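First up is the structure itself, then whatever we jot down about it.
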Amino acid sequence: MSVKVSVLTTTYNHERFIAQNIIGVLAQQTNFAVEHIIGEDCSTDGTRAVVEHFQQQRPDIVKPILRPRNVGRRANFIECFHTCQGDYIAIVEGDDYWTASDKLQAQADFLDANPDHAICFHALEHRYEDKSQLPRINRREQARYSLRDLLDSNFIPTCTVMFRNHLFDEFPAWFNDVPAGDWPLHMLNAQHGDIGYIDDVMAVHRTHSGGVWSPKPASERRQSMVSILETFRDNLDPRYRPILEQNIARWQFKVLNALLVEGRYTAAGRYGLDLLLRPDVPRVEVLRAAGWSSQARRLRTAS
Numbered sequence: 004m005s006v007k008v009s010v011l012t013t014t015y016n017h018e019r020f021i022a023q024n025i026i027g028v029l030a031q032q033t034n035f036a037v038e039h040i041i042g043e044d045c046s047t048d049g050t051r052a053v054v055e056h057f058q059q060q061r062p063d064i065v066k067p068i069l070r071p072r073n074v075g076r077r078a079n080f081i082e083c084f085h086t087c088q089g090d091y092i093a094i095v096e097g098d099d100y101w102t103a104s105d106k107l108q109a110q111a112d113f114l115d116a117n118p119d120h121a122i123c124f125h126a127l128e129h130r131y132e133d134k135s136q137l138p139r140i141n142r143r144e145q146a147r148y149s150l151r152d153l154l155d156s157n158f159i160p161t162c163t164v165m166f167r168n169h170l171f172d173e174f175p176a177w178f179n180d181v182p183a184g185d186w187p188l189h190m191l192n193a194q195h196g197d198i199g200y201i202d203d204v205m206a207v208h209r210t211h212s213g214g215v216w217s218p219k220p221a222s223e224r225r226q227s228m229v230s231i232l233e234t235f236r237d238n239l240d241p242r243y244r245p246i247l248e249q250n251i252a253r254w255q256f257k258v259l260n261a262l263l264v265e266g267r268y269t270a271a272g273r274y275g276l277d278l279l280l281r282p283d284v285p286r287v288e289v290l291r292a293a294g295w296s297s298q299a300r301r302l303r304t305a306s
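When the sequence shown is numbered by the numbering used here, its final residue is 306 and no position is left out of the sequence of numbers.
What follows is the structure, encoded as structure tokens:
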């Protein structure tokens, strides 16, 4: 039987998490064949041993790529992506896991029934490993989205996505320049169809100290958003440029606010000055973002 769904996992130093990840894939109840492509990027802990254990138990499904040396997240992902044989690809990163045994069946059925959709995703539970916050459920209000909706921010959690394979042949050169790979991937896929949402909680996303994104300060995370949006602006269809310019400015104000909240006043001053000197950025908005409300009011009155 040919593979219908390929599950793609990249993992590095996920010894505490990877077993639960693989078990969630093996628990899937489907009427089609599934493969689990695992890119093990030469971890320094016991991740590889766990992956090899499951490969020995289920060689028909668990198909690891065991790196002799660390190649990095992006290169690891791209090779795993091109290894996938299924009609559809679902992603679950090594520190996340699935909680519903019918997840793959539900999403494959959705894409089968909706040929005008390139992507579908679903609700999930967000858990904090340090217990600093209570678990929360991430849901969406709409059942259908488009590429235009993705121009603002990435609302598709990686561990919830399934998309059609072979929508494009190669990743563009700019894909390697962005600080996060999931949002650009969704953007590439969304150029070929709509995005469907299933309002069922079928996965858990972990926030933990070993994660790549969450430990960074807010200012760095927001600056990454600016960088990604600038890459989209420079490489996507020109008709999206005005929307992207607005979104870039909005996220730049968020960077400025975050720098002030973090007490990085010198960096905030430099960042705010750069914005003030740009002719395409409203000065009143920069002052407001910096918290200088009285100056902003005077400038607005004078103009």
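A virtual CB, placed ideally from N, CA and C, is assigned to each residue, including glycine.
If you're wondering where the values come from, they're calculated on a predicted model, not measured in any experiment.
- Counting along the chain, T13 sits inside the beta strand (DSSP E) bounded by residues V6 to T14.
- A contact between stretches requires three or more CB pairs, one per stretch, nearer than 8 angstroms, and the segment 219-236 meets this requirement with the segment 249-268.
- Per the Cβ contact rule, the segment 46-62 is in contact with the segment 16-26 (3 or more Cβ pairs under 8 angstroms).
- Under the three-pair Cβ rule at 8 angstroms, the segment 186-205 counts as touching the segment 104-124.
- Distance from A261 to S222 at the Cβ level is roughly 4 angstroms; contact confirmed, criterion being Cβ atoms closer than 8 angstroms.
- Closest in C-alpha terms to I94, from the list G275, E173, F166 and D180, comes F166.
- Between D119 and the set A271, L239 and A193, the nearest pair of CA atoms involves A193.
- Just measuring C-alpha positions, the residue of H195, T210 and G275 sitting nearest K134 is T210.
- Pairing P187 with R77, the inter-Cα distance amounts to about 12 angstroms.
- Counting along the chain, K66 sits inside the beta strand (DSSP E) bounded by residues V65 to L69.
- Runs of the beta strand (DSSP E) lying entirely within the segment 123-187 and spanning at least 3 residues, in chain order: 139-141 and 165-167.
- Contact between L154 and I246 holds, with the beta-carbon distance rounding to 5 angstroms and staying under 8 angstroms.
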